[in-house]
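Note that the sequence shown ends on residue 369 in this note's numbering; no numbers are left out. Note that beta-carbon positions come from the ideal geometry of N, C-alpha and C, so glycine has one too. Note that the structure is a prediction, hence the values are computed from the model and not measured. To start, the structure itself, in structure tokens.
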Amino acid sequence: MTTPRPRSSRSRLITATGCLSAAVLTVTLAVPALAAGSTLQAAAAESGRYFGTAIAASRLSDSAYTTIANREFNMITAENEMKMDALEPNQNQFNYANGDRIVNWARQNGKQVRGHALAWHSQQPGWMQNMSGTALRNAMLNHVTQVATYYRGKIHSWDVVNEAFADGNSGGRRDSNLQRTGNDWIEAAFRAARAADPNAKLCYNDYNTDNWSHAKTQGVYNMVRDFKARGVPIDCVGFQAHFNSGNPVPSNYHTTLQNFADLGVDVQITELDIEGSGSSQAQQYQGVIQACLSVARCTGITVWGVRDTDSWRASGTPLLFDGSGNKKAAYTSVLNQLNAGGTTNPAHHPAADGWGQLHGDLLGGPEVE
Ligand code: 9MR
Numbered sequence: 001m002t003t004p005r006p007r008s009s010r011s012r013l014i015t016a017t018g019c020l021s022a023a024v025l026t027v028t029l030a031v032p033a034l035a036a037g038s039t040l041q042a043a044a045a046e047s048g049r050y051f052g053t054a055i056a057a058s059r060l061s062d063s064a065y066t067t068i069a070n071r072e073f074n075m076i077t078a079e080n081e082m083k084m085d086a087l088e089p090n091q092n093q094f095n096y097a098n099g100d101r102i103v104n105w106a107r108q109n110g111k112q113v114r115g116h117a118l119a120w121h122s123q124q125p126g127w128m129q130n131m132s133g134t135a136l137r138n139a140m141l142n143h144v145t146q147v148a149t150y151y152r153g154k155i156h157s158w159d160v161v162n163e164a165f166a167d168g169n170s171g172g173r174r175d176s177n178l179q180r181t182g183n184d185w186i187e188a189a190f191r192a193a194r195a196a197d198p199n200a201k202l203c204y205n206d207y208n209t210d211n212w213s214h215a216k217t218q219g220v221y222n223m224v225r226d227f228k229a230r231g232v233p234i235d236c237v238g239f240q241a242h243f244n245s246g247n248p249v250p251s252n253y254h255t256t257l258q259n260f261a262d263l264g265v266d267v268q269i270t271e272l273d274i275e276g277s278g279s280s281q282a283q284q285y286q287g288v289i290q291a292c293l294s295v296a297r298c299t300g301i302t303v304w305g306v307r308d309t310d311s312w313r314a315s316g317t318p319l320l321f322d323g324s325g326n327k328k329a330a331y332t333s334v335l336n337q338l339n340a341g342g343t344t345n346p347a348h349h350p351a352a353d354g355w356g357q358l359h360g361d362l363l364g365g366p367e368v369e
């Protein structure tokens, strides 16, 4: 088990006293402080985690936007530009222009990139929406292979498959043209992605999978457990984390993240936003950050946009900066919670890869709350 790092925001003074002949010599040494991070990325990095945002290519010419994005975040997701419809508008004709604008901006500014998303029932190009059967399966696999090969070496984590489970109480797969090609379409996509980019972490990504007691969460959990048991290449699970009053941050969030991590995968918060304002919103954000920090394999957090006005649901003011770029109460609570520390990311943990296995063995099964 990991223990929180001791930390201090001030220099610690160590006083050494020694005797020199009859004189007493006192030496005071200033030891560099474990300084509190003053940006989201710096504060998250203290426990080995990243802090990211979604970027829209059309806003890269807005210097107020890029100034905040560059200062605060070190993991970048293209909000729309690397989806299937954007990258393959005509079958087997790929257009990487806008995806590249975002990837290049990220890399030029020393940031990493989450790839979003290789295979999804939504945002398919028109030609794909009308396909079925073997032709669709092959077209999907070709898309995964081509795109993952094109970006090989530039992607920290790929959302290989997005939103493949149904809402509601079934715990089963979502009906879609991809699902109708056969239940093995998800693992086929993961195998194609691994072959194309062996070094990217491969994630399954979904929403409404935050509450441990929900059927959808259990459905995804069972799929990941099955994939791990059968050697299907999966490295991480993304929790989108789009919250509002109808879908609040669950009190068992830590349990969900820990139970998935105990399957031997990393977990990432991938599209965080919480509708609301003021201290209520700030407290909910704090709870999400706390849940991630308490799970060693929760390796990073991404918010779904920079300013409220950049959000896909701007009227819900769900982000950390207001439309003028001012830090909101939610920003301060996130920063403070990151600086309060937590478990250290396993990449920085001495037991590294063995930890998840050992932890799972010791617990002997999923944590229940
Ligand atoms: O924020 C994105 C919005 O601009 C797009 O119109 C929409 C449809 O492609 O997708 C939004 O992002 C979604 C993400 O890709 C997947 N999870 C849900 C996100 C919010 O709808």
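Practice item. Assign R297 to buried or exposed, taking buried as 16 or more other Cβ atoms, counted over all protein chains shown, within 10 Å of its Cβ. Key: Within the sequence shown, residue 297 is the residue found at index 297, counting from 1. Counting every other CB atom within 10 Å of its CB across the protein chains shown gives R297 a total of 16 or more, marking it as buried.
Point to revise | Opposing strand residues paired with G113 [DSSP bridges] | key: Residue 113 sits at position 113 when you count from the first residue of the sequence shown. Reading off the sequence shown, one finds Val at residue 113, where the question assumed Gly. DSSP lists I76 as partners of V113.
Point to revise | Exposure of P89, with buried meaning 16 or more beta-carbon neighbours within 10 Å | key: Counting from one through the sequence shown, the residue named residue 89 turns up at place 89. So P89 ends up on the exposed side.
Practice item. Could you check the C-alpha separation between M75 and Q129 for me, to the nearest Å? Key: Locating residue 75 in the sequence shown gives position 75, counting from the first residue. Locating residue 129 in the sequence shown gives position 129, counting from the first residue. Here the alpha carbon of M75 sits roughly 31 Å from the alpha carbon of Q129.
Practice item. Going by CA-CA distance only, name the one from G168, Q123, P233 that's closest to N211. Key: Here residue 211 refers to the residue found at position 211 when the sequence shown is read from its first residue. Nearest C-alpha to N211: G168.
Check your understanding: Would DSSP call H242 helix, strand or coil?
Key -> For the purposes of this step, residue 242 is taken as the residue at position 242 of the sequence shown. When secondary structure is reduced to three states using DSSP, H242 falls in the strand class.
Practice item. State the Cα-Cα distance for the pair V224 and L263, rounded to the nearest angstrom. Key: In the sequence shown, counting from the first residue as 1, residue 224 sits at position 224. In the sequence shown, counting from the first residue as 1, residue 263 sits at position 263. Taking the straight line joining both Cα atoms gives about 8 Å.
Review point. Measuring from the CB of W312, is there a heavy atom of ligand 1 at a distance below 6 Å?
Key: Taking the sequence shown and counting its residues from 1, one reaches residue 312 at position 312. Remark: the shortest separation between the CB of W312 and any heavy atom of ligand 1 falls under 6 Å.
Check your understanding: ligand 1 heavy atoms versus the CB of E79: any closer than 6 Å?
Key -> Residue numbering aside, residue 79 sits at position 79 when the sequence shown is read from its first letter. It does: the Cβ of E79 is within 6 Å (strictly closer) of some heavy atom of ligand 1.
Check your understanding: Within this structure, are the beta carbons of G316 and E271 separated by less than 7 Å?
Key -> Working through the sequence shown from its first residue, we reach residue 316 at position 316. Working through the sequence shown from its first residue, we reach residue 271 at position 271. No, the pair does not count as a contact, with Cβ atoms beyond the cut-off.
Review point. Near A43, which residues of its chain fall below 6 Å by C-beta distance, leaving aside the five closest residues on each side in sequence?
Key: For the purposes of this step, residue 43 is taken as the residue at position 43 of the sequence shown. Excluding sequence neighbours, A43 sits near G37, L335, L338, N339.
Check your understanding: Is the closest heavy atom of ligand 1 to the C-beta of Q290 under 6 Å?
Key -> In the sequence shown, residue 290 corresponds to position 290, counting from 1. False, no ligand heavy atom lies under 6 Å from that Cβ.
Exercise for review: Would you decide whether D273 is buried or exposed? Buried here means 16 or more other CB atoms lie within 10 Å of its CB.
Suggested key: The residue labelled residue 273 in the question sits at position 273 within the sequence shown. It is buried - the Cβ of D273 has at least 16 other Cβ atoms within 10 Å.
Exercise for review: Drop a sphere of 10 angstroms on the beta-carbon of P32, count the other beta-carbons inside from all chains shown, and report buried for 16 or more, exposed for fewer.
Suggested key: On the sequence shown, position 32 is the one that residue 32 refers to. Interpretation of P32 is limited by its pLDDT of 44, a score under 50 that renders its predicted location unreliable; no figure is taken from the coordinates.
**Study point:** For I102, the three-state DSSP class (helix, strand or coil)
**Key:** The count along the sequence shown starts at 1 and reaches residue 102 at position 102. In the three-state DSSP reduction, I102 falls in the helix class (H, G or I).
Practice item. Kindly give me the distance between the Cβ atoms of F51 and I234, rounded to whole angstroms, as I take these residues to be in contact under 8 Å. Key: Start at 1 with the first residue of the sequence shown, and residue 51 comes out as number 51. Start at 1 with the first residue of the sequence shown, and residue 234 comes out as number 234. Their Cβ separation, rounded to whole angstroms, is 24 Å, which puts F51 and I234 out of contact at 8 Å.
Review point. Can you round the beta-carbon distance between S122 and E163 to whole angstroms, since I take them to be within the 8 Å contact cut?
Key: Working through the sequence shown from its first residue, we reach residue 122 at position 122. Working through the sequence shown from its first residue, we reach residue 163 at position 163. Correct: roughly 7 Å between the Cβ atoms.
**Study point:** Nearest neighbour of V306, chosen from L320, N95, L87 [CA to CA]
**Key:** On the sequence shown, position 306 is the one that residue 306 refers to. Across the set L320, N95, L87, the C-alpha of L320 shows the shortest separation from the C-alpha of V306.
Check your understanding: To the nearest angstrom, how far is it from the Cα of T299 to the Cα of I269?
Key -> For the purposes of this step, residue 299 is identified with residue 299 of the sequence shown, where counting begins at 1. For the purposes of this step, residue 269 is identified with residue 269 of the sequence shown, where counting begins at 1. Whole-angstrom Cα-Cα distance: 8 Å.
Practice item. Count the CB pairs spanning the region 89-99 and the region 61-70 that are closer than 8 Å, and state whether there are at least three. Key: Between the region 89-99 and the region 61-70 there are fewer than three C-beta pairs closer than 8 Å, too few to call the two in contact.
Check your understanding: W158 lies in the beta strand (DSSP E); which residues open and close that run?
Key -> Taking the first residue of the sequence shown as position 1, residue 158 is located at position 158. It spans 157-162 - the beta strand (DSSP E) in which W158 sits, taken as one unbroken run.
Practice item. Please find out if some non-hydrogen atom of ligand 1 comes closer than 6 Å to the beta-carbon of Q123. Key: Taking the first residue of the sequence shown as 1, we reach residue 123 at position 123. Answer for Q123: yes, Cβ within range of ligand 1.
Practice item. Please name the residue, chosen from G110, K111, E79, that lies closest to N98 on a Cα-to-Cα basis. Key: Taking the first residue of the sequence shown as position 1, residue 98 is located at position 98. Among G110, K111, E79, the Cα nearest to that of N98 is on E79.
Review point. Taking DSSP as the reference, what is the three-state secondary structure of K327?
Key: Translated into positions along the sequence shown, residue 327 becomes position 327. It is a strand residue.
Review point. For T209 versus K216, is the C-beta spacing smaller than 7 Å?
Key: Mapped onto the sequence shown, residue 209 falls at position 209. Mapped onto the sequence shown, residue 216 falls at position 216. Yes. Within cutoff.
Practice item. Go through its chain and collect everything with a Cβ distance to K228's Cβ below 6 Å, but skip five positions before and after it. Key: Residue mapping note: residue 228 aligns to position 228 of the sequence shown, counting from 1. Cβ within range, chain order: L263, G264.
**Study point:** Local Cβ density within 10 Å of S280, reported as buried at 16 or more and exposed below that
**Key:** Start at 1 with the first residue of the sequence shown, and residue 280 comes out as number 280. Its Cβ having fewer than 16 others within 10 Å, S280 is exposed.
Review point. What do you reckon, is the C-beta of Q240 under 6 Å from a heavy atom of ligand 1?
Key: As a first step, residue 240 is located in the sequence shown; it is residue number 240 there, counting from the start. Under cutoff, so the answer is yes.
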